[in-house]
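Protein chains in written order, with the working numbering: chain R, 1 to 345; chain H, 1001 to 1345.
Working notes for the structure below.
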DNA sequence: TTGTAAGCGTTATCAC
DNA sequence: GTGATAACGCTTACAA
């Protein structure tokens, strides 16, 4: 079960432990000849340095921790992780992914676990926009840099990489108005705060044109349970139709909401886009495969992950704490809008 | 930057290091009184045990490594990872996920990296069905248990958890024949071997009813590049139509193939299922949202991940190597078939 | 009930 | 150019 160690090599080759260590680390102190002997032996016997021991000694692990809600929940997060992974390959560090499952206590446990493992830095998409703020600030100051991504807790003083959701939502809504669809059903999650930027962007677009905001056109549905979500969406639409104020467009605030809305409309035999146009935030490649193909606001998920890790590395490499705080910045990446058939009249 | 250590607590509280250690581990040797003092102090000062040091000492890490192709590629893998995660929560171990990106050298690097980190066991979905076989056998014998999932390399002697793809494909094909669709276009990846169980199952269903296997109805397309994939699928269909041997059904061998086929048919204005029925392997929840909703063979992805980890833990906990080999088993989980509108006439 | 000391596999300082 | 040795933070006999 045991791996071969430096000590084993030393014994076998009749060198001292320190000679082996230096040779394996290509130290200039060791002659080319003995270095070769040692390295050959190591390769032949599948020597793999024990990183626990190494990290314990040198004081860092060359690994960074990533905490997300749950990466099984959406292709969006998968793309963010892809970007993180790409950056980690470039800088040559490992990543350890943990999931908070939208739970504040879990989030704290993840943080502790990562610190116990000695990560050099942490990439965090917080559970909520105010969770564990003090604790995270403490960690960032005393232990290792923490960089926030996607969800940007304003109480945390550090570098944050997010998306300009406000502008994305505004543009999408504007697009619907442009094609003369003004009775827009806005569907979002029931746990988003009211200052959510997607809601704000939506409202702003209406306000710009003095279109009144009708609360009956705002629906807040469960994000965890798709059955509940479907029921809520379906009932909202049917209810409005009954009252003779049927919407002629739907704006979905998330990936799942948007794609499922399309499925529900098909089931209800409501024609898209003829009767109801559909647009929404969606990072899935499947937007293309849907029928009709789905117009969508795409978030630069991969870029976000990539940038977040790069910025974290900068903070890690910046030795002095005082200088570090001057590096803190908040970056909002721009979304892009893809017009497809679901909003093409 | 530094965490508080046992030594710090010892100094502050005027106890010895070992007393602190024992108290923190709830040893019966320590009086309730001093234990309380120590634990309170530790909590107040956010003491977090250094797991590097602990693991180095005790010889195991309570963590297991997982190597997959690339979990961004499909919801299938995300579901497998979800199952692994669920099981890891139950047994109380951490998981470290690595990606081989379908590359044999990468796979070896992942294995080495995991062993360097001292994982207690490895869960592996091999790059190909013959990659690194000797090396993996060596690791499994000398270092830590390796359990295979999804892709089952026959050359590796260990526990393997897979899916009965053969039966799944057979049933799906049978279903198409049952609805009287016998000109079935089988679309699969160009890198699957010929003894791939999905192909075999498909062929067997035809054979059972003496339906000849027409090679023009077998298309092998790129899985990496969706543009190439789309072109290949599109051209195949159009070519057959031109020759007046248009298929009246499509069987897609993967998630992506199946959903994209639906998109392509919509684009070509070919009616589904009226002109061409569609079924395929697909683990995406979006099957429901598609229009028409997609009939699919679903693999028990989450169960597979869950079971794989549980079996790995069994192997880890089985101390003696000789007894361990007697635990090796190969489990093939059954698929389920969901008939939806894309094959409902 | 508490303390001493050795050792896990490295690296790094210093001596030879 | 090579070798002793201490130290990283922890656990664990064994001693007191």
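Glycine residues also receive a C-beta, built at the ideal position from the N, C-alpha and C atoms.
- Interface with chain H (7 Å Cβ-Cβ cutoff): residue 172 (chain R) is excluded.
- Look at the beta carbons and you see the stretch 138-155 of chain R not touching the stretch 169-181 of chain R: under three pairs across the two are nearer than 8 Å.
- Contact note: residue 118 (chain R) reaches chain H through 1050, 1051, 1052, using a C-beta cutoff of 8 Å and chain order.
- The beta carbon of residue 23 (chain R) lies closer than 7 Å to those of 30, 34, 35, 38, 39 in the same chain, with the five residues before and after it left out.
- By the criterion of a C-beta distance shorter than 6 Å, residue 330 (chain R) is surrounded in its chain by 160, once the five residues flanking it on both sides are discounted.
- Counting along the chain, the unbroken beta strand (DSSP E) around residue 296 (chain R) starts and ends at 295-298.
- The alpha helix (DSSP H) runs lying completely inside the stretch 4-43 of chain R and spanning 4 residues or more are 6-13, 17-24, given in chain order.
- For the C-beta of residue 322 (chain R), not a single chain H residue is nearer than 9 Å; the gap to the nearest is close to 13 Å.
- The beta carbons of residue 1101 (chain H) and residue 1070 (chain H) sit closer together than 7 Å.
- Here residue 1332 (chain H) is actually not in contact with residue 1219 (chain H); their C-beta atoms are around 27 Å apart, not less than 8 Å.
- Counting only unbroken stretches of 4 or more residues, the alpha helix (DSSP H) elements lying wholly within the stretch 1175-1223 of chain H are 1197-1208, in sequence order.
- Within the same chain, Cβ atoms closer than 6 Å to the Cβ of residue 307 (chain R) are found at 161, the five residues on either side in sequence being excluded.
- Where residue 162 (chain R) is concerned, the enclosing beta strand (DSSP E) starts and stops at 160-163.
- In this structure, the CA atom of residue 1081 (chain H) is about 27 Å from the CA atom of residue 313 (chain R).
- Ranked by how close their Cα comes to the Cα of residue 1112 (chain H), the residues H:1138, H:1252, H:1015 have H:1138 in first place.
- In chain order, 283, 284 place their CB closer than 6 Å to the CB of residue 75 (chain R), counting only its own chain and leaving out the 5 sequence neighbours on each side.
- Per the coordinates, the alpha-carbon of residue 156 (chain R) lies some 27 Å from the alpha-carbon of residue 202 (chain R).
- Here residue 184 (chain R) has 176, 249, 251 as same chain residues with Cβ atoms under 6 Å from its own Cβ, once five neighbours each way along the sequence are excluded.
- In the DSSP assignment, no residue is bridged to residue 1239 (chain H).
- In terms of Cα proximity to residue 48 (chain R), the closest of H:1021, H:1145, H:1110, H:1242 is H:1110.
- Taking a C-beta distance under 7 Å as the contact criterion, residue 1277 (chain H) and residue 1188 (chain H) do not qualify as a contact pair.
- Contacts between residue 1286 (chain H) and chain R, judged by CB atoms closer than 7 Å, involve 259, 286 in chain order.
- Against chain R, a Cβ distance below 8 Å from residue 1038 (chain H) picks out nothing, because the smallest value is about 18 Å.
- Between the alpha carbons of residue 1083 (chain H) and residue 198 (chain R) lies a gap of roughly 32 Å.
- With 16 or more other CB atoms across the displayed protein chains lying within 10 angstroms of its CB, residue 1217 (chain H) is buried.
- Around residue 1238 (chain H), the same chain offers 1268 as residues with beta carbons nearer than 8 Å, after the five sequence neighbours per side are excluded.
- Counted as a single uninterrupted DSSP element, the beta strand (DSSP E) harbouring residue 64 (chain R) occupies residues 63-68.
- Between the beta-carbon of residue 1211 (chain H) and that of residue 1182 (chain H) there is about 6 Å, and that keeps the pair under the 8 Å contact cut.
- DSSP lists R:63 as the beta-bridge partner residues of residue 94 (chain R).
- Against chain R, the beta carbon of residue 1226 (chain H) has neighbours under 9 Å at 285, 288, listed in chain order.
- Taking a contact as a CB-CB distance under 8 Å, the pair residue 296 (chain R) and residue 258 (chain R) counts as one, their CB atoms being some 7 Å apart.
- Chain H has no Cβ within less than 7 Å of the Cβ of residue 15 (chain R).
- Neighbours of residue 1175 (chain H) in chain R, taken as residues at a C-beta separation under 8 Å, are lacking, since the least C-beta distance is about 22 Å.
- Within the same chain, no residue comes within 7 Å of residue 1214 (chain H) by CB-CB distance, once the 5 residues on both sides are set aside.
- By a beta-carbon distance limit of 8 Å, residue 289 (chain R) does not contact residue 1121 (chain H). Their separation comes to about 38 Å.
- Setting aside the 5 residues that flank it on each side, residue 10 (chain R) is surrounded in the same chain by 16, 17, 20, each with a C-beta closer than 7 Å to its C-beta; the list follows chain order.
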